[in-house]
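Protein chains: 2
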Amino acid sequence: MAERQRRKPGETREKLMSAALTLVGKGRHFASLGIREVTRQAGVVPTSFYRHFRNMDDLGLQLVDELGVVLRRMMREAREHVSQADKLIEESVDIFISHAQANRSFFLFMAQGLAGESRAVQEGIRSEMRFFASELANDLRRLRLVDHLSDSDLDLTCDLVVRSVAFSLTDLLGVSAGDDYQIDQIRKRTIRFLQLIFVGAANWNSVSR
Amino acid sequence: MAERQRRKPGETREKLMSAALTLVGKGRHFASLGIREVTRQAGVVPTSFYRHFRNMDDLGLQLVDELGVVLRRMMREAREHVSQADKLIEESVDIFISHAQANRSFFLFMAQGLAGESRAVQEGIRSEMRFFASELANDLRRLRLVDHLSDSDLDLTCDLVVRSVAFSLTDLLGVSAGDDYQIDQIRKRTIRFLQLIFVGAANWNSVSR
DNA sequence: TACTCATGTGTACAGTTGTTCACTAATGTG
DNA sequence: CACATTAGTGAACAACTGTACACATGAGTA
């Protein structure tokens, strides 16, 4: 059969990927991880690594793909939970924060990768963020909350929103997971950032165009 | 004499710091640099490293201090060049872009350090950004452009501005230094981000409070 | 059943790493 | 001048690195 692909899920492959994530979660930077280190953490012999990845950059790229899945799951949940429009920002930020904590290592990897060593990983993460922003734009259009904005101005706004949230992510990952006070501070600040941006968007045409 | 400190500038010390920056400029991630690698690049024997730094984190911390100097220089130039208020954003973004290119390695180091391995370096860079934001707030107050905003709302606005510019920095560092078209795209987008934020700030009280 | 092939193992090797130690050259101080 | 301190050197070491190779295994196919 020409159409063969992996029958068995490839257990080791996922052990290796989550081993890398575990090390990142422990405070290591992805760029400083070595093949032996990752295989050791995975409880696998070093040579096994090459059965699944060419090198660490390759592993990083495949982690980006999984990151995409995590982000999409988050978007879906946010869409389902949107009850009334006036609480949209608060609820979305809450969902974001809870996902960021549930997938701490993943988001750490994402934050590191933005300025990481591998150009390909960098571009991958950037592309996930662009996708996220364009989905956000779609949703806002559908909810008819931004009828006065042109497509390109809506894009601009959503891009800025995503960037701001991504930056808050670095704040969030910097505090320990149990520090509820600090987390709430970040939550409030992020919400105010987004409110500020949307006030700007609401008054965009009347002032600047 | 108790008050002795370094008489000779410590040439090697700066060779080591700029060697690390050079490697970062070549695409390496700071977290993946080793002592031997840096000393090799500096043209110095490995043992010399320990005369000036305890470890790579220590070197990173001292780089953050120098980064502060670079940022302050940039702020000073921005303040001197502010001609008329209506071009304030454009001119500031231009100065930012030219400094980012003149000190490419420094800003790469900054972008990396935000999600870096060393908590201390991370906190150092964050603190530089906070300082930058508070200086910006001072300037805006002095120019009487934001009289309607409370101190804390002005803080919020300036923080968001600095974060947005910092994110644009990662865009900027991602394109090759000679790609004028892409650089201009980033320039325009950054300017529009800031305009959007300031429109938000201008209408902040009337809408939300 | 016999075969193939993806997956995982163990051994091996040359190159690199961080760090130590004892040594030298220069420098400013008493 | 003699002296103490600092900055830089070179050799050495054990630990670790990435990668190559030959081999074992077990499952799917013919």
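Chains A and B are the protein sequences, given in the same order.
Every letter in the first sequence is one number past the one before it in the working numbering, and letter 178, counting from 1, is 178.
Every letter in the second sequence is one number past the one before it in the working numbering, and letter 157, counting from 1, is 366.
All C-beta atoms, glycine included, are put in the ideal place defined by N, C-alpha and C.
Cβ-based burial, residue i [other Cβ within 10 Å; buried from 16]
i      : result
L349/B : buried
H308/B : buried
D356/B : exposed
A287/B : buried
N412/B : buried
R222/B : buried
D159/A : buried
A294/B : exposed
L143/A : exposed
A42/A  : buried
N205/A : exposed
T47/A  : exposed
G322/B : buried
S176/A : exposed
V302/B : buried
V253/B : buried
S213/A : The displayed coordinates of chain A run from 1 to 209. Any statement about residue 213/A would go beyond what the structure contains.
R76/A  : exposed
Proximity of residue i and residue j at Cβ, strictly below 7 Å
i      : j      : result
L270/B : A346/B : no
V162/A : A133/A : yes
H29/A  : E220/B : no
A375/B : A31/A  : no
G25/A  : R104/A : yes
R396/B : I306/B : yes
L23/A  : L33/A  : yes
Contact test: residue i Cβ vs the ligand ZN heavy atom, cutoff 6 Å
i     : result
R28/A : Inclusion of the ligand ZN in the displayed structure is not the case, the ligand content being empty and no account of it being possible.
Cβ-Cβ separation, residue j to residue i (assumed contact under 8 Å), whole Å
i      : j      : result
G200/A : I400/B : G200/A to I400/B, Cβ: 14 Å. No contact.
E337/B : L280/B : 6 Å
Q74/A  : I95/A  : Position check: residue 74/A holds Met in this sequence, whereas Gln was assumed. The Cβ separation is near 7 Å, so the contact holds.
S164/A : F131/A : With 8 Å as the limit, S164/A and F131/A do not qualify as a contact, their Cβ atoms being about 17 Å apart.
L358/B : T366/B : 7 Å
I392/B : L381/B : 7 Å
Amino acids of chain B, ordered along the chain, whose beta-carbon sits closer than 7 Å to that of residue i
i     : result
L59/A : Going along chain B, no residue has its Cβ under 7 Å from L59/A, so there is no contact; the nearest lies around 15 Å.
Interface partners of residue i on chain B, CB under 8 Å
i      : result
L156/A : R398, R401, F402 and L405
E117/A : G236, R237, H238 and S241
Q122/A : G383
Where residue i meets chain B, residues with beta-carbon distance less than 9 Å
i      : result
R163/A : R372, S373, F376, S377 and F402
Beta-carbon neighbours of residue i, restricted to chain A and to distances below 7 Å
i      : result
A320/B : A115
L369/B : S164, F193 and L196
So, do the stretch 15-25 of chain A and the stretch 38-57 of chain A have three or more beta carbon pairs nearer to each other than 8 Å?
yes
Within 8 Å, do at least three Cβ pairs link the stretch 58-73 of chain A to the stretch 103-118 of chain A?
yes
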